[in-house]
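**Student:** Going by the numbering used here, the first residue of the sequence shown is number 29, and it counts up by one from there. Virtual Cβ for every residue (Gly too), placed ideally from N, Cα, C.
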Amino acid sequence: MKPLEILSLYIFFIVGFAIVCADNTPICWDHPNPLKPSERKRAPCYSTANTNSNDLSFTKRDESDMFLVTFTCLANNQTLCDKVKNAFITAGQIITAAIAFKIPVTVNATFSDFCSLLNECSLTSGTLTLGGAAPARSIQILDEDGVQRLYPQSLVKQKNITGIGRSMFTAFDIFALFNSQANYWFEGDGKMLESQSDFLFVILHELIHGLGFSSGYDDFLNMPPKALTPQIVFTDGIEGFTLNGFIETAFDKCMVILPSGQRISSNVTKQINAFKGTFTSTQEFVTDFEASPQYQLALRMLSLATTPHSLGLLPPNSTDISNATILETTLNPYRSGSSVSHVDYKIYTRTSDFLMRYLQERGLTLRQSIYLGGNYPYGPIGPKLRSFLQSIGYTIQYKSSPFDPIPGSNPFNAGKPNAELCISLIPYISSFLLIGLVITLW
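Following this line, the structure appears as structure tokens:
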């Protein structure tokens, strides 16, 4: 059999200069453009003392699919529009079978020709943007361990947090925008071409990022990266701006250094936050920070992020590093968003936890990926991913979904695939900010 070409999907975050300003009230940030998730604006974020975050009285459409998708299709092809809409429904069913949502997750999704809508055309630029997704809002809250962290709105709604109510939330949890000119494959299309990507795989990966699978560590000051810190927050004042701290994400409270098992939150983030001060300019802050002992920790984080098998995920109440999920730290130089915010590609390829690798093989369907990963009985949301989602606050369940494998079935229809089926790839580039993504085809 002739070996198939190797195809790859590179997923990484594009994070802009991320020093932000805040006062002492709860902090909310809106991300209005899913294709440029680094663009954000401060939004009203009012605490409601007598309400809880999950006391929202939403109407549940269907407990088998707790994703409420407002879908707009601008493609002149109703059949294609229906396929995209159905893929979102299926993705919602798959995730709902794994997570017992108390409150529905709301998604605003649009499918359109980017060339006519946004003047992004492959013929003129040499690239093709497949699509993007981003959190509609991120909220900074005080976690159970007394640490301030950024949580996506979709997760905050599920947590029972007194003082955070409906007034703090925007109408949608996630914005998504996809290019109708891209070459997607959909369930029911027949045999997949080597040049196609499974649309359901792509949106599942995105939605999981949208639920909180992303680190807050990055270089917010330099390009290319020189050192990694959590997001930097300031308060404006008459005499300058005061550093309020370095704020990590929910993901980071599960991150550990390997093989020691030291927690990033207590051994890195806490110590970096010992750096304080008021500064008259950004340059003064940068100069003082780079001269501080805390900057050495930021340098170490970059080293860990580019050293194979040096970082992992482990539930906060666990010390058994043999159960850690190994994160993607093999990329050198560091790739913002691909590094750390995904699982190790080599370790988890052909396993039940394939979904959150930074590479997605084209020409391979989601069902085939499940099969090659060992036919995990609960579909594409693997056991380590479930453990992580539970660790940051979701309630995990094990209900059947449309993509639970059928015992004895073979999605390749002709025995096991050739060993060289998915080995060398046409590169894609995609980008995320915290929990959204933009995918660009080169």
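Could you tell me if THR310 is buried or exposed, where buried requires 16 or more neighbouring beta carbons within 10 angstroms of its beta carbon?
**Tutor:** The residue in question, THR310, is exposed, as its Cβ has fewer than 16 Cβ neighbours within 10 Å.
**Student:** Could you pull out every unbroken alpha helix (DSSP H) segment of at least 4 residues lying fully inside the region 105 to 154, listed in chain order?
**Tutor:** Complete alpha helix (DSSP H) runs here, min 4: 106 to 126, 142 to 146 and 150 to 153.
**Student:** Rounded to a whole number of angstroms, what is the C-alpha to C-alpha distance between TYR74 and CYS282?
**Tutor:** Answer to the nearest angstrom: the Cα atoms are 28 Å apart.
**Student:** Got a sec? Which residues, its chain only, sit under 6 Å from ALA71 by beta carbon, not counting five neighbours each side?
**Tutor:** Cβ within range, chain order: CYS56 and ASP58.
**Student:** I need the DSSP call for ASN272, collapsed to helix, strand or coil.
**Tutor:** Residue state, collapsed to three classes: strand.
**Student:** Excluding sequence positions up to five away, which residues of its chain have a Cβ less than 7 Å from the Cβ of PRO336?
**Tutor:** If we look at PRO336 and ignore the five residues flanking it on each side, its Cβ neighbours are THR357 and THR358.
**Student:** Is the beta carbon of THR134 closer than 8 Å to that of SER92?
**Tutor:** Not in contact: SER92 and THR134 (Cβ atoms no closer than 8 Å).
**Student:** Suppose you measure from the CA of ILE192 to the CA of ARG177; what does that come to, to the nearest Å?
**Tutor:** Roughly 14 Å separates the two Cα atoms.
**Student:** Using the three-state DSSP reduction, which class does VAL314 fall into: helix, strand or coil?
**Tutor:** Helix, per DSSP.
**Student:** For a test of the three-state rule: what should DSSP assign to PRO343, helix, strand or coil?
**Tutor:** PRO343 falls in the coil class under three-state DSSP.
**Student:** At what residues does the alpha helix (DSSP H) containing ILE398 begin and finish?
**Tutor:** 394 to 400 is the extent of the alpha helix (DSSP H) around ILE398.
**Student:** Which one of LYS254, ILE275 and TYR422 has the shortest CA to CA distance from ASN360?
**Tutor:** Ranking the options by Cα distance to ASN360, first place goes to LYS254.
**Student:** With which residues is TYR404 paired in a DSSP beta bridge?
**Tutor:** Note: TYR404 sits in no beta bridge, so no partner.
**Student:** Check each candidate in GLY305, LYS187, TYR362 and GLY238 and name the one with the smallest Cα separation from GLU62.
**Tutor:** Before going further, note that residue 62 is Pro rather than Glu in the sequence given. Among GLY305, LYS187, TYR362 and GLY238, the Cα nearest to that of PRO62 is on GLY238.
**Student:** Taking the alpha carbon of PRO163 as the reference point, which residue from ASP280, GLU148, SER182 and LEU146 has its own alpha carbon closest?
**Tutor:** Comparing Cα-Cα distances from PRO163 to each of ASP280, GLU148, SER182 and LEU146, the minimum goes to SER182.
**Student:** Hey, how far is the Cα of ILE167 from the Cα of THR198?
**Tutor:** In a straight line, the C-alpha of ILE167 is about 11 Å away from that of THR198.
**Student:** Are the region 422 to 435 and the region 116 to 130 touching by the rule of at least three beta carbon pairs closer than 8 Å?
**Tutor:** Yes: the two stretches touch, three or more of their Cβ pairs being nearer than 8 Å.
**Student:** Within a Cβ cutoff of 7 Å, which residues of the same chain sit near TYR323, ignoring the five residues on either side of it in sequence?
**Tutor:** Contacts found: ALA255 and PHE317.
**Student:** Output needed for PRO433: all residues of its chain with C-beta closer than 6 Å, excluding positions within five of it in sequence on either side, in chain order.
**Tutor:** Excluding sequence neighbours, PRO433 sits near ILE398 and ASN403.
**Student:** Any contact of the region 93 to 105 with the region 211 to 219, i.e. 3+ C-beta pairs under 8 Å?
**Tutor:** With the cut-off at 8 Å, the region 93 to 105 and the region 211 to 219 do not touch.
**Student:** Using C-beta distances below 8 Å, list every residue in its chain close to VAL284, excluding the 5 sequence neighbours before and after it, in chain order.
**Tutor:** So the list reads GLN290, ARG291, ILE292, LEU339, GLY340, LEU341, LEU342, ILE349 and ALA352, once near-sequence residues are dropped.
**Student:** Around the Cβ of GLU172, are there at least 16 other Cβ atoms within 10 angstroms (buried) or fewer (exposed)?
**Tutor:** The residue is exposed, with fewer than 16 neighbouring Cβ atoms inside 10 Å.
**Student:** Can you tell me whether GLN299 is buried or exposed, with buried defined as 16 or more other CB within 10 angstroms of its CB?
**Tutor:** Classification of GLN299: exposed, given that the 10 Å Cβ count is below 16.
**Student:** Short check: CB of LEU232 to CB of LEU383, under 8 Å?
**Tutor:** Yes, they are a contact pair.
**Student:** Under 8 Å, do PHE139 and SER208 count as touching if we go by C-beta distance?
**Tutor:** Yes.
**Student:** Using the Cβ count rule (16 or more neighbours within 10 Å means buried), how would you classify ASP264?
**Tutor:** Under this definition ASP264 is an exposed residue.
**Student:** Expressed to the nearest angstrom, what Euclidean distance is found between the alpha-carbon atoms of THR297 and GLY273?
**Tutor:** For THR297 and GLY273, the distance between alpha carbons rounds to 10 Å.
**Student:** Of the residues ASP280, ILE260 and ASN250, which one's Cα is nearest the Cα of PHE241?
**Tutor:** The residue with the shortest Cα to Cα distance from PHE241 is ASP280.
**Student:** Checking 8 Å against the spacing of the C-beta atoms, do LEU205 and ALA119 come in under that value?
**Tutor:** No, Cβ-Cβ distance for LEU205 and ALA119 is not below 8 Å.
**Student:** Going by the CB atoms, is the gap between LEU96 and PRO132 shorter than 8 Å?
**Tutor:** Against a cut-off of 8 Å, the Cβ pair of LEU96 and PRO132 comes out as a contact.
**Student:** Within 10 Å of its beta-carbon, does LYS69 have 16 or more other beta-carbons around it, so buried, or fewer, so exposed?
**Tutor:** Classification of LYS69: exposed, given that the 10 Å Cβ count is below 16.
**Student:** Let me check one thing: in DSSP terms, what residues is ASN207 bridge-paired to?
**Tutor:** Looking at the DSSP assignment, ASN207 forms a beta bridge with SER140.
**Student:** In or out: ASN250 buried (at least 16 other Cβ within 10 Å) or exposed?
**Tutor:** Counting Cβ neighbours within 10 Å, ASN250 comes out exposed, since fewer than 16 surround it.
**Student:** For ALA447, I'd like the list of residues in its chain whose CB is within less than 6 Å of its CB, leaving aside the five on either flank, ordered along the chain.
**Tutor:** No answer about ALA447 holds up, because its pLDDT of 31 lies below 50 and its placement is not dependable.
**Student:** For LYS412, count the other beta carbons within 10 Å of its own beta carbon; 16 or more makes it buried, fewer makes it exposed. Which is it?
**Tutor:** Buried is the call here.
**Student:** Report buried or exposed for GLU267, applying the criterion of at least 16 other Cβ atoms within 10 angstroms of its Cβ.
**Tutor:** Its Cβ having fewer than 16 others within 10 Å, GLU267 is exposed.
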